[in-house]
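Structure first, then comments.
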C-alpha cells in the first residue's frame, strides 16, 4: 500500500504545477504529505530487511558465495570487492526499491490486466489453451502442470495476447523527457531546455493512425505474421518497454516470467471475474486496477 501511495503522488507531480507540489511538500499536506509517510514506511521495511540480510550473509558467507541462484542483495553484499561498488545500506535500499517498482510491480500489473482481458474473451482463452496443449508430450494425461522456460518461450499466441494487454493497458501509462539543449520536434514545435515533454503511452496504444480502425479491440492476432511467427512492431510505436538505447533491460526476462505465470494460471484454472467490483484504473504512475481484480477461481483439471 505504501508503494502505491508513493506512485500516486509521483503521478500528480507530472500533472500539477511544480509550485503547487512544492507548497504541499513544505506544508506536509496532500499528496506530498502522503508521499512522505509512504516513503518512510518503505524505507523502514527495506532497512529492516537489509539488516537481516547482512546478518544472514555474515553467518553463512562462504556457503552463499559458492551457491548458485542467490538473490540480488546477497550478490551485491558478497561480491562488493569484485564489483568495486559502494554497497552501503542506501545503495542496497535503492536497488531493492528499483526492483520492486520497475520489475515486480509493473509485471504484476501487466498480468492483472491480461487476466481480466482474457476472462472477457473466451475465444482467446481457448486458443491459448490449445497452444499450451500442443507443447504437452503426446499421451500425457491432462492434469495440473507447470510449463518450463523452453516450453513457454516459443508460445506465439500467448506472446501476442500479452503484447495486446501491454498495448491497451501499459503498466507505465505515460513518460516525459526534457531536452538538454534547444531542439525542434519532428512536428516542427521548438523546445527549450527544462521543457517537460509529456507523452501518453496509454493513448498511443489506442491511436487508429498507428494500430488501425480496430485499435480498441483485444486482438492477439495483431502480433502474428502470415507465417505464424511473432510480428515485431517498432518500439517507438509500442512503448511499453521504452525505446532506443534506454529500452528496458529486463524486457525478455519479463516476457518469460509473464508467460510462465500466465500459462500456469490459464491452463490449470478457470478464472471468473466478479462483476460486483468494477475494474477501473487507479490514479498512479503505474497503471494498477483501483480495487485489485476480484475473481472466482476453479480447477480446470485435478
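Numbering (our numbering), first residue to last: 1 to 302. Heads up, the beta-carbon is just placed ideally off N, CA and C, and yes, glycines get one too.
Taking the alpha carbon of residue i as the point to measure from, which residue in the options has its own alpha carbon closest?
i: residue 4; options: 72, 104, 73 and 75; result: 104
i: residue 201; options: 239, 187, 181 and 229; result: 239
i: residue 1; options: 13, 37, 19 and 21; result: 37
i: residue 288; options: 227, 172 and 76; result: 172
i: residue 187; options: 90, 43, 197 and 161; result: 197
i: residue 160; options: 228, 199, 10 and 77; result: 228
i: residue 170; options: 32, 53, 87 and 114; result: 114
i: residue 214; options: 168, 244 and 230; result: 168
i: residue 219; options: 291, 121, 176 and 236; result: 121
i: residue 292; options: 73, 21, 111 and 232; result: 111
i: residue 12; options: 59, 163 and 31; result: 31
i: residue 208; options: 193, 189, 237 and 163; result: 237
i: residue 55; options: 162, 101, 78 and 157; result: 78
i: residue 177; options: 246, 23, 8 and 6; result: 246
i: residue 60; options: 74, 195, 50 and 39; result: 74
i: residue 230; options: 19, 195, 35 and 155; result: 155
i: residue 195; options: 8, 17 and 9; result: 17
i: residue 23; options: 212, 48 and 33; result: 33
i: residue 6; options: 166, 35, 134 and 211; result: 35
i: residue 146; options: 139, 133 and 138; result: 133
Ignore the nearest five residues each way along the sequence and tell me which others in residue i's own chain have a CB closer than 7 Å to its CB.
i: residue 257; result: 107
i: residue 308; result: With the chain running from 1 to 302 in the structure shown, residue 308 is simply not present.
i: residue 290; result: 280, 281 and 282
i: residue 158; result: 128, 131, 259, 262 and 263
i: residue 116; result: 273, 279 and 293
i: residue 166; result: 110 and 240
Name the two residues that bound the continuous beta strand (DSSP E) containing residue i.
i: residue 271; result: 269-273
i: residue 295; result: 295-299
Among the residues of its own chain, which have a CB less than 6 Å from the CB of residue i, if the five just before and after it don't count?
i: residue 296; result: 272
i: residue 243; result: 235 and 236
i: residue 320; result: For the chain, the structure presents residues 1 to 302; residue 320 sits outside this window and is missing.
i: residue 53; result: 73
Could you name the residues of the same chain whose beta carbon sits closer than 8 Å to that of residue i, not counting the 5 residues immediately before and after it, in chain order?
i: residue 143; result: 301 and 302
i: residue 97; result: 42 and 46
i: residue 191; result: 179, 182, 183, 184, 185 and 197
i: residue 294; result: 273, 274, 276 and 277
i: residue 76; result: 83, 85, 87, 91, 92 and 95
i: residue 299; result: 144, 268, 269 and 270
i: residue 125; result: 118, 119 and 266
With a cut-off of 8 Å, does the C-beta of residue i fall near any C-beta of chain D?
i: residue 93; result: Considering every chain present, this structure includes no chain D. It has just one protein chain.
Along the chain, where does the alpha helix (DSSP H) containing residue i start, and where does it finish?
i: residue 235; result: Run containing residue 235: none; DSSP gives neither H nor E here.
i: residue 283; result: Here residue 283 belongs to no alpha helix (DSSP H), and DSSP marks it neither H nor E.
i: residue 108; result: 106-120
i: residue 11; result: 2-15
i: residue 218; result: Unbroken run through residue 218: none, as it is neither H nor E.
i: residue 241; result: No alpha helix (DSSP H) holds residue 241; DSSP gives it neither H nor E.
i: residue 93; result: 89-99
i: residue 77; result: 72-78
i: residue 279; result: No alpha helix (DSSP H) contains residue 279, which DSSP labels as neither H nor E.
i: residue 209; result: 208-211
i: residue 151; result: 149-152
Review point. Of all the alpha helix (DSSP H) runs that stay within the bounds of the segment 155-205, which reach a length of 4 or more residues?
Key: 156-168 and 201-204
Practice item. Assess, as a yes-or-no matter, whether the segment 217-234 is touched by the segment 256-273 under the definition of 3 or more beta carbon pairs within less than 8 Å. Key: no
Practice item. Report yes or no: do three or more beta-carbon pairs, one from the segment 201-216 and one from the segment 147-162, lie closer than 8 Å? Key: no
Exercise for review: Starting from the N-terminal side, write out each stretch of the alpha helix (DSSP H) that is 4 residues or longer and does not extend beyond the segment 17-59.
Suggested key: 18-27 and 30-59
Practice item. Kindly confirm or deny that the segment 268-285 and the segment 240-253 touch, where touching means at least three C-beta pairs closer than 8 Å. Key: By the Cβ test, the segment 268-285 is not in contact with the segment 240-253, since fewer than three Cβ pairs between them sit closer than 8 Å.
Exercise for review: Could you tell me whether the segment 275-289 touches the segment 124-131, where touching means 3 or more Cβ pairs closer than 8 Å?
Suggested key: no
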